[in-house]
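S.K.:
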Amino acid sequence: MKCLEEDGVIVNGTLYLVNVSCVVADAPARAFVKGIKPHTAYHACERCQDDGNWNGRMCFSRTPGVLRSDQSFRIKVDSDHHVVDSPLLQLRLGMVTNVVLDYMHLICLGVMRKLLHLWLSGPLKTRLSGREVKIISLELVSLRNKVPDEFCRRPRTLKDVNRFKATELRQFLLYTGPCVLKTILPSTQFKHFLKFSL
């Protein structure tokens, strides 16, 4: 890859320059290709130098520590973050700015699933009533015949939320959720949900 980046490749007499603009991978794969600690370890935050705290699971503070930069990554300012030297360091690739965090795990399977669990079984101040959950489920089922074929899955009731795939959570976040939550959530919560879905 380094040779391609430096010398390019000639195809039909034309020189094409090659560069890696970004790396897209889930958390375990990112840790592997970057040669860093896995996402459940201390010093694992990919964007700042927060050590993390163990509270039944790895937690990072809400206020970020010193932000990581491509340069600080390369010179290993936070040596505890690194496990091995990544072969990607040989490329002109920003190891912080060009290795992106993945939407599917962070937003769909992370935040959206957490919101649904808070609304269904969280603390009383966040939990929806059984009647509200039933209304949402009925409205989701009523949308089954209205969802175009381009969607991989048809909406299901909220009793199946533990088995929702990332595509279903994404569909709820972007399409069905704004429709079914409008009359259920308090106005401020619904506005926050809409901002999140955009």
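Per full-length UniProt numbering, the sequence shown runs over residues 1 to 198. A virtual CB, placed ideally from N, CA and C, is assigned to each residue, including glycine.
#1: Please classify residue 42: does DSSP put it in a helix, a strand, or coil?
#2: What is the DSSP secondary structure of residue 15, counted as helix, strand or coil?
#3: Can you tell me which of 52, 172, 57 and 163 puts its alpha carbon nearest to the alpha carbon of residue 63?
#4: Can you pull the DSSP bridge partners for residue 58?
#5: Note down, in chain order, each residue of its chain lying with its Cβ closer than 6 Å to the Cβ of residue 23, except the 5 sequence neighbours on either side.
#6: Is the region 187-197 touching the region 160-177 in the sense that three or more CB pairs, one from each, lie closer than 8 Å?
#7: Mind checking residue 75: buried by the 16 CB within 10 Å criterion, or exposed?
#8: Determine, using beta-carbon pairs with one atom in the region 76-83 and one in the region 153-169, whether at least three such pairs fall under 8 Å.
#9: For residue 147, which residues in the same chain have their Cβ closer than 7 Å to its Cβ, ignoring the five residues on either side in sequence?
#10: Just to confirm, are residue 132 and residue 179 a CB contact at a threshold of 9 Å?
#11: How should residue 108 be labelled, buried or exposed, when 16 other C-beta atoms within 10 angstroms of its C-beta is the threshold for buried?
#12: Determine the direct distance from the alpha carbon of residue 135 to that of residue 26, and round the result to whole angstroms.
#13: Could you check whether residue 187 and residue 158 sit closer than 9 Å to each other, using their CB atoms as the reference points?
#14: Identify the residues that DSSP records as bridge partners of residue 48: which are they?
#15: Does the distance from the C-beta atom of residue 125 to that of residue 88 stay below 9 Å?
#16: In its own chain, which residues sit with a C-beta less than 7 Å from the C-beta of residue 49, not counting the 5 before and 5 after it?
#17: With a threshold of 16 other CB atoms inside 10 Å of the CB of residue 54, please say whether the residue is buried or exposed.
M.R.: The structure says:
#1: coil
#2: strand
#3: 52
#4: 54
#5: 99
#6: yes
#7: exposed
#8: no
#9: 154 and 155
#10: no
#11: buried
#12: 35 Å
#13: no
#14: 67
#15: no
#16: 65, 66, 68 and 78
#17: exposed
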